């Protein structure tokens, strides 16, 4: 399966998730997502990343609850318990510590945290299902050089780990301890020097094998197109977020993205390298990508509807308000037909794909070695 | 029709005082295997790089004269433009790999040339079969053995279907069996595919029989090109058969053991066997009992007993993966192992790193790992501090080893041999009674090896117990008096070098093969046996 | 060539403006737009990859020769293994100091590319790809970029300059990342949450409080790590990188042989974007 198809599917569902706080829908989407990952992931190391994202999601929920309770300022009537209030100095004006904690506030926070957690899960699912190396092979031609650098980095990293282990062992032969800060330098220097020598040998190899032979200079005129498109897209987002002219913003965003895509395509024309065993984009891929997009359109579209201007029958059928159930006053969340459709779209890849057998590319073992370096200590928010 | 022609070629690097190559002219006909020989630093790599234009386009420097490759001038064609004419494989294949699996690496060059995906697919399969590596196709490159990596590197340049293959010391890092594999593959390319191959090599004994011509770089920038037997007879590069030819006065060097044996028999040469040397077993410098090294389930060293006597040089031979390195690291105490190790009544494993190196010191395979300071002087001073030695000890040792290095030189700019000497001086500053050397001859030319042999012999004469793990049978034969053979983590033979080496066909040095069943190991032995 | 040489600085300048907007969205998000605070960074995460693609294709594409790309890849590999090595230990972040020193030696354009590519590779290997990745790539790219634009200095002064920059950039990186992902870290209606109905100034005040409460330790740890590592290992590493930069130089004499070469790099790495 094409990695971009998985990403498109997961991003679409992530956007859909961002449009709702209904815990029933969120729970269903999360379950469906985990089911798809479990049934369709490979044996590769990245396939196990969903667990890390689940832990991260729980961490996010816990963190938010903690702040909610600690910072007080709850609204609502159902007081669960009351913390002692601590006065804060002048510069921290507007903030209270402690105070009554209400069920309404806790529920609201939980709903929002749950939404974020499911969004994280979508990202985790894409990471688990899409093969990053294959994704790298199908980057736009304009990014060819950058992707070469990434390919080099991916293949040199495990060699550097070996190099570190070797130099660390060698330190003992000179009678050094390997635990001090000074030892860090004595290990880093030979490793880095080795890495730099390596880069020269690598460059000679690339040059001798024809690297850069089939590329020219960037085409004139592509840069203005790409820069103007980027600026337009940014202005579009700016208008979308910061002004009532959201239609203009949306148009600018769409036009900017299209222009940028065309510009990158034109910029990539200077390159005539070919790809060995390129990944085909088949009809199945289109269907999977479309199911993600459709889910996003469905949720955002229903959320955009105004129940006051609709016929009562449609309101009962679609019920836009059910996407964001009220927490003050507390209200039991309900499921509607469009929501079930969204869940069906999340499950769409199951009939469209076959379960994968063992990972075919064994180089994934190299990645595992880099991943193992990660200390298991505490979950750290990924966006830091 | 000459496929490579050098016309009065000279190369001068920007910061060099004299040209590296000077006025070199030669022509290579299509389909020849040309062997480039010369001591370290005489410009072998420069000459190879000049064939596909890496010199000077990539390395910098000035090239005078004209290099024509398949009719194309390298002055007008950059290396990348010649990628479909010249396949170039650098010294360490792993460092030249761009991708991380075998298949991708083979396809990489063709992707650069813009070959259509369908044609590319077919060529990858053909190349995999040609080099006999089809079963490795999805393996990560880092997990391959040295010989496999080298074959993948050759396959990767072959996929572009060049007419010339340039190889810079393809076997220097390989054990004899792997080297044989690679050389056999190269032989196939010359004989069955008709490629023109230019090959630089230090250990000539393995390749010279296959060469059509030899290009000897004298060291002053000039070169001599001609038939192998004649060039080798003149050159200062002396593989054992060339040394033999010199000793017995043959005008032309026999290129294979078979030729030498015939000629020796025809002339009735029969040297007297070397007198069986007795290896002293007392006083014991290091004693190990039941050493066992495990990595998870893998038993790398399986119950080895070993005693090293003061003043002796012992060789440790065996395939890659036989446990030689593990044994050395275990004896130094740097690798956890079971069993008993004793040096001067102490166990190096129980001591701190600083104390352990005063009992046993080890020079690892990649000696450069030990160096981290910016100058030779700083490294020596640091070594003195580490070993609580008088300031100047390491520098004095370096001078004693007969290597004169200016203290301000950057250790990374030294040649392999100089670097090895520096590391030896650093490690010996602690004055340990036992010295362990792991593959010290890697990348050394004959002169540097002779130098190392002299150093090791001197150290032994001073009472040092030396253990050398090596693949280089000729070096072991000339240097050591005792040889230990390892296989699969166990010691399978232990005796005098003459005994062990002459009794094993795989490890017999060339002289032993030429004069079998007479037990001689080196050309020196032969000379002594004949007089 | 001057016209085409201006391309890289131009692309970087536009990226800087767009980046400022993307990182500063809490300053201008209005409640009447109907956008949730949590959606804002996601929307930008769709635009930023394009901006990154444009800049990277300008900085790397067609201009970097094999040597510079190999150096870029190898240094990115160094950063990639340093990142998981240092994760989990509060603020002990090793990536930035390599990035800063390399940006200083090889120039601003190289620094930007190295920052972006290091974070990207690291995310690929550790499955850390997500909406935060374009932000991280851009922020790390700017850390490397400005390292390449620092004023000239030599000897100890240079090391102090870089160490100081290391500390400042560590805080800046932490702040802009936390600012852009503010609603992700803490809920939407606590006293230190982003609130679209308040003005930019009030929100900035809240952000400062939020940042002190949650991330001060991280940022401080990162700043100290950067400064200390640069002060200790800086001189040696700078020498090492400069030595390789020199060795990778084309000898001017080579031009006498290498005749007209249409896409030879017009200058060594140091000139890419400075």
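Protein chains in written order, with our numbering: chain A, 1 to 384; chain B, 1001 to 1531; chain C, 2001 to 2274.
Beta carbons are placed, not taken as given, at the ideal position from N, Cα and C, and that holds for glycine.
Please read all numbers here as calculations on a predicted model, not as lab measurements.
Quick one: measure Cβ to Cβ for residue i and residue j, integer angstroms, because I've assumed they're closer than 8 Å.
i	j	result
residue 1484 (chain B)	residue 1491 (chain B)	6 Å
residue 2178 (chain C)	residue 2185 (chain C)	7 Å
residue 210 (chain A)	residue 1080 (chain B)	5 Å
residue 2073 (chain C)	residue 152 (chain A)	3 Å
residue 1427 (chain B)	residue 1361 (chain B)	4 Å
residue 1369 (chain B)	residue 158 (chain A)	18 Å between Cβ atoms; not a contact.
residue 292 (chain A)	residue 12 (chain A)	3 Å
residue 172 (chain A)	residue 1184 (chain B)	Between residue 1184 (chain B) and residue 172 (chain A) the Cβ distance is about 40 Å, and since that is not below 8 Å, they are no contact.
residue 97 (chain A)	residue 88 (chain A)	6 Å
residue 1036 (chain B)	residue 1217 (chain B)	7 Å
residue 5 (chain A)	residue 289 (chain A)	5 Å
residue 1498 (chain B)	residue 1521 (chain B)	6 Å
Look at the Cβ atom of residue i, then the Cβ atom of residue j, and state whether they are nearer than 8 Å.
i	j	result
residue 1107 (chain B)	residue 144 (chain A)	no
residue 2223 (chain C)	residue 2171 (chain C)	yes
residue 2112 (chain C)	residue 2012 (chain C)	yes
residue 101 (chain A)	residue 82 (chain A)	yes
residue 1429 (chain B)	residue 1397 (chain B)	yes
residue 1083 (chain B)	residue 208 (chain A)	yes
residue 1147 (chain B)	residue 1178 (chain B)	yes
residue 187 (chain A)	residue 168 (chain A)	yes
residue 2124 (chain C)	residue 132 (chain A)	yes
residue 1328 (chain B)	residue 1433 (chain B)	no
residue 1460 (chain B)	residue 1312 (chain B)	yes
residue 142 (chain A)	residue 2057 (chain C)	yes
residue 1305 (chain B)	residue 1330 (chain B)	no
residue 1205 (chain B)	residue 1526 (chain B)	no
residue 36 (chain A)	residue 50 (chain A)	no
residue 9 (chain A)	residue 349 (chain A)	yes
residue 149 (chain A)	residue 2108 (chain C)	no
residue 61 (chain A)	residue 114 (chain A)	yes
residue 1049 (chain B)	residue 1021 (chain B)	no
residue 116 (chain A)	residue 2038 (chain C)	yes
residue 1182 (chain B)	residue 1133 (chain B)	no
residue 2115 (chain C)	residue 2099 (chain C)	yes
Which partner residues does residue i have in the DSSP bridge list?
i	result
residue 1486 (chain B)	B:1491
residue 1346 (chain B)	B:1343
residue 1196 (chain B)	B:1164
residue 1066 (chain B)	B:1007
residue 1335 (chain B)	In DSSP, residue 1335 (chain B) forms no bridge with anything.
residue 1309 (chain B)	B:1284
residue 970 (chain B)	Shown here, chain B extends from 1001 to 1531; a query on residue 970 (chain B) therefore has no answer.
Interface residues of the region 2108-2127 of chain C facing chain A [CB-CB below 9 Å]: Closer than 9 Å at the C-beta level to chain A, one finds these residues of the region 2108-2127 of chain C: 2113, 2114, 2116, 2117, 2118, 2120, 2121, 2122, 2123, 2124, 2125, 2126 and 2127.
Three-pair Cβ contact test at 8 Å for the region 1273-1282 of chain B versus the region 1315-1331 of chain B: no
Short-range partners of chain C found in the region 1350-1376 of chain B, where Cβ spacing is below 8 Å: 1374
Interface residues of the region 69-86 of chain A facing chain B [CB-CB below 8 Å]: none
Touch test, the region 222-232 of chain A against the region 254-265 of chain A, Cβ-Cβ under 8 Å, three pairs minimum: They touch, by the three-pair rule.
Contact between the region 1137-1147 of chain B and the region 1155-1165 of chain B (3+ Cβ pairs under 8 Å): Pairwise C-beta distances place the region 1137-1147 of chain B out of contact with the region 1155-1165 of chain B, as fewer than three of them are shorter than 8 Å.
Contact between the region 232-246 of chain A and the region 2040-2060 of chain C (3+ Cβ pairs under 8 Å): yes
Contact set between the region 2015-2035 of chain C and chain A, restricted to residues whose Cβ is under 9 Å from the partner: Within the region 2015-2035 of chain C, the residues whose Cβ lies closer than 9 Å to some Cβ of chain A are 2015, 2017, 2018, 2021, 2022, 2025, 2027, 2028, 2029, 2030, 2032, 2033, 2034 and 2035, listed in chain order.
The region 1056-1067 of chain B / the region 1006-1018 of chain B touching (three or more Cβ pairs under 8 Å): A contact exists between the region 1056-1067 of chain B and the region 1006-1018 of chain B.
Given 8 Å, three or more beta-carbon pairs between the region 115-124 of chain A and the region 54-63 of chain A: yes
Chain B contacts made by the region 2212-2240 of chain C, where a contact means CB separation under 8 Å: 2236 and 2239
Cβ pair count under 8 Å reaching 3, the region 1019-1031 of chain B against the region 1194-1210 of chain B: yes
Contact list for the region 1156-1183 of chain B against chain A, Cβ threshold 8 Å: 1156, 1157 and 1160
Stretch pair the region 1165-1173 of chain B + the region 1084-1098 of chain B: three plus CB contacts closer than 8 Å: yes
Cβ pair count under 8 Å reaching 3, the region 2024-2038 of chain C against the region 240-247 of chain A: yes
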